[in-house]
Amino acid sequence: MEEIGIVIVGGGIAGLATSLALHRKGIKSVVLEKAERVRSEGAGIGTLTNGWRALDQLGVSDRLRLTSNLIHKARTMLIEDGKKKREFVLNIKDEARCLRRNDLVDALADALPDGTIRFNSQIVSIEVDETTSFPMVHLSTGNTIKAKVLIGCDGAKSIVSDYLRLGPKKAFACRAVRGFTDYPNGHGFPQELLRMKVGNVLVGRLPLSDNHVFWFVVHMQDSQHKVKDQESIAKVTLKWVDKLSEDWKEMVKICDVESLTLTHLRYRSPWEIMFGKFRRGTVTVAGDAMHVMGPFLGQGGSAALEDAVVLARCLARKVGVHHGDHLLKECSVKSIEEAIDEYVNERRMRLVGLSTQTYLTGRSLQTQSMVVRLMFIVLLVMLFGRDQIRHTKYDCGRL
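Be aware that the sequence shown starts at 60, since it is given in the working numbering, and climbs by one per residue.
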């Protein structure tokens, strides 16, 4: 049986960021990724000030800033009967950009030491070594790894969160398609986040550069269409945007079909984050495995980066730095548990706020009742004030 100090399950944003944060503190980890290579599927990730602060700490921000332009404005429009009924415009003073997911994961992976990521490593179960109280991870290959610390960054369908006995994620009654469109001669769109609600459809557009645009389409009531391939996703999306202007239809028609992803939106409820037990022994979670949320605030990726910085900082306090070539032999179960508890305590209320704001925003967009929508808007103002992007000013602190 192989023994490893820190094992991270999942080689997505949260897993790679956590491993890199630990590496920056001189602590070695191993990332178990089920795929054959770094997962680059997915589309754009809106990254605001809080996300860039975390990327600065991870040491990859300068590279990523070269891949996308600044976003200067956020505009939200409500269209009814073909006419603009409401429009909200917000000038963005702080840093905001849209990143390609594969640019982000590549930057994180490239900054890790060789051999950190183990591909084709699918975990099937977790149990506790009754002698040492440390977790043992069983792989689909039949191999077993005993870890002193196990961190689940394995997404919304997390095996590690199941081990923690966290409740199942809930689903919004809507699905989202995300994609990219290239305009060889330039797109001509303002450098802004534009969101429009037309009937049951919410669409959004974020330029990455003068020629490249990330977009999304969320249908608030359609969870029935069955799609089998990329072409089917494209056809469904064209149906959803049928009542929009020609520039939106054209954007979908000429998109990079291979970039399309269709997701049934899921979330962990705010009260589950408030009361959930995110540690069992020396096992914990981060990223979507901990707090999967809808895309309505665009904070899922940035929250995962924050998790990574905070978790590495808390572990470093107890484990100590420069244990890169050791198995954390001098670290007791108690010290590791204390470090994880500090991490959970620091993250819990931040995540409760994000998940609550995301949940209420999503519900306000989904409802057809003006009375119910007004109720959600009032709740948002009561809980979060008139500055509805205050959450983007959060600072996760230094590593």
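Glycine included, each C-beta is placed from N, C-alpha and C at the ideal position.
Alpha-carbon to alpha-carbon, K93 and F178: In the sequence shown, the residue the question calls residue 178 occupies position 119. In the sequence shown, the residue the question calls residue 93 occupies position 34. So the two alpha carbons sit approximately 6 Å from each other.
In whole angstroms, what separates the C-alpha of H350 from that of I313? The count along the sequence shown starts at 1 and reaches residue 350 at position 291. The count along the sequence shown starts at 1 and reaches residue 313 at position 254. The straight-line gap from Cα to Cα measures roughly 34 Å.
Test item: CB-CB of L374 and A398 under 9 Å: Looking up residue 374 in the sequence shown gives position 315. Looking up residue 398 in the sequence shown gives position 339. Cβ distance < 9 Å, so L374 and A398 count as in contact.
Would you report the Cα separation of K216 and V411, rounded to the nearest angstrom? Your numbering for residue 216 matches position 157 in the sequence shown. Your numbering for residue 411 matches position 352 in the sequence shown. Cα to Cα, the separation comes out at about 20 Å.
Assuming K207 and L387 make a contact with CB atoms under 8 Å, what is their CB distance in whole Å? Sequence index remark: in the sequence shown, residue 207 carries index 148 (1-based). Sequence index remark: in the sequence shown, residue 387 carries index 328 (1-based). With a Cβ gap of about 5 Å, K207 and L387 count as contacting.
Where S184 and R224 are concerned, what is the direct C-alpha to C-alpha distance, given to the nearest angstrom? Taking the first residue of the sequence shown as 1, we reach residue 184 at position 125. Taking the first residue of the sequence shown as 1, we reach residue 224 at position 165. About 13 Å.
Are the Cβ atoms of Y418 and V342 separated by less than 9 Å? Here residue 418 refers to the residue found at position 359 when the sequence shown is read from its first residue. Here residue 342 refers to the residue found at position 283 when the sequence shown is read from its first residue. Not closer than 9 Å, so no.
According to DSSP, is C373 helix, strand or coil? Looking up residue 373 in the sequence shown gives position 314. In the structure shown, C373 sits in a helix (DSSP, three-state: H, G or I).
Span separating the alpha-carbon of D173 from that of S423: Counting from 1 along the sequence shown, the entry for residue 173 is found at position 114. Counting from 1 along the sequence shown, the entry for residue 423 is found at position 364. Using only the alpha carbons, I get a separation of about 46 Å.
Quick one: any contact between the stretch 103–115 and the stretch 147–154, if contact means 3 or more CB pairs under 8 Å? yes
Between G379 and G444, what straight-line distance do the alpha-carbon atoms span, to the nearest angstrom? Within the sequence shown, the letter at position 320 stands for residue 379. Within the sequence shown, the letter at position 385 stands for residue 444. Looking at the two C-alpha atoms, the distance is approximately 40 Å.
Going by C-alpha to C-alpha distance, which of V430, H323 and L364 sits closest to V286? Here residue 286 refers to the residue found at position 227 when the sequence shown is read from its first residue. Selected option, being the one with the closest Cα: H323.
Leaving out five residues before and five after D241 in sequence, what residues of the same chain have Cβ atoms less than 7 Å from its Cβ? In the sequence shown, residue 241 corresponds to position 182, counting from 1. Once the five neighbours on either side are set aside, the close Cβ partners of D241 are N270, H271 and D315.
Outcome for R339 when other beta-carbon atoms lying within 10 angstroms are tallied against a minimum of 16: On the sequence shown, residue 339 is found 280 positions in, with the first residue counted as 1. Classification of R339: buried, given that the 10 Å Cβ count is 16 or more.
What whole-angstrom Cβ distance do A345 and A113 have, given they're in contact under 8 Å? Counting from 1 along the sequence shown, the entry for residue 345 is found at position 286. Counting from 1 along the sequence shown, the entry for residue 113 is found at position 54. The pair is not a contact, with the Cβ atoms about 12 Å apart (cut-off 8 Å).
For the putative contact between L319 and G103, defined by C-beta atoms under 8 Å, what is the C-beta separation to the nearest angstrom? Translated into positions along the sequence shown, residue 319 becomes position 260. Translated into positions along the sequence shown, residue 103 becomes position 44. That belief does not hold up - the Cβ atoms of L319 and G103 are roughly 12 Å apart, past 8 Å.
Every unbroken alpha helix (DSSP H) within the stretch 141–167, with a cutoff of 4 residues, ordered by chain: none
CB contact check: L413 to chain D, cutoff 9 Å: Going by chain labels, chain D is absent from the structure shown, which holds only one protein chain.
Where D366 falls: helix, strand or coil (DSSP): Position 307 of the sequence shown holds residue 366. Reduced to three states, the DSSP call for D366 is helix.
Could you please give the first and the last residue of the uninterrupted alpha helix (DSSP H) stretch that includes P329? Locating residue 329 in the sequence shown gives position 270, counting from the first residue. Taken as a continuous stretch (DSSP letters only), the alpha helix (DSSP H) holding P329 covers P329 to F334.
Taking Cβ positions, are K302 and V260 nearer each other than 9 Å? Position 243 of the sequence shown, counting from 1, holds the residue named residue 302. Position 201 of the sequence shown, counting from 1, holds the residue named residue 260. For K302 and V260, yes; Cβs fall inside 9 Å.
So, under 8 Å CB-CB, R254 and G263 are touching, yes? Tell me the CB distance rounded to an integer number of Å. Taking the sequence shown and counting its residues from 1, the one referred to as residue 254 is at position 195. Taking the sequence shown and counting its residues from 1, the one referred to as residue 263 is at position 204. Contact flag correct, Cβ pair sits at about 4 Å.
Grab me the residues of Q116's own chain with a C-beta within less than 7 Å of its C-beta, minus the 5 sequence neighbours each way, in chain order. Working through the sequence shown from its first residue, we reach residue 116 at position 57. Excluding positions up to five away in sequence, the list reads V368, R457 and L458.
With 16 as the cutoff for other CB atoms within 10 Å, does K84 come out buried or exposed? On the sequence shown, residue 84 is found 25 positions in, with the first residue counted as 1. Buried is the call here.
V440 to Y402, Cα distance in whole Å? The count along the sequence shown starts at 1 and reaches residue 440 at position 381. The count along the sequence shown starts at 1 and reaches residue 402 at position 343. Distance between the alpha carbons of V440 and Y402 is about 29 Å.
Quick one: which unbroken alpha helix (DSSP H) runs of 4-plus residues sit fully inside the stretch 169–242? Chain order, please. 218–222
Should L129 be labelled buried (16 or more other beta-carbon atoms within 10 Å of its own) or exposed? What you label residue 129 is simply residue 70 of the sequence shown in a count that begins at 1. By the 10 Å Cβ count, L129 comes out exposed.
DSSP three-state assignment for T108, whether helix, strand or coil: The residue given as residue 108 occupies position 49 in the sequence shown. Helix at T108.
Cβ shell of F435 (< 6 Å), same chain only, five flanking positions each side left out: Locating residue 435 in the sequence shown gives position 376, counting from the first residue. The answer, listed in chain order, is L419, R422 and S423.
In angstroms with no decimal places, state the Cα-to-Cα distance between I65 and E189. If you number the sequence shown from 1, residue 65 lands on position 6. If you number the sequence shown from 1, residue 189 lands on position 130. Near 18 Å, if we compare the C-alpha coordinates of E189 and I65.
Length at least 4, wholly inside the stretch 393–421: the alpha helix (DSSP H) runs in chain order: none
Counting C-beta neighbours from all protein chains within 10 Å, is the total for Q416 16 or more, i.e. buried, or is it exposed? Sequence index remark: in the sequence shown, residue 416 carries index 357 (1-based). Q416 should be labelled buried.
Based on the DSSP secondary-structure assignment, which residues constitute the bridge partners of L261? Translated into the one-based positions of the sequence shown, residue 261 becomes position 202. Bridge partners of L261: K256 and V277.
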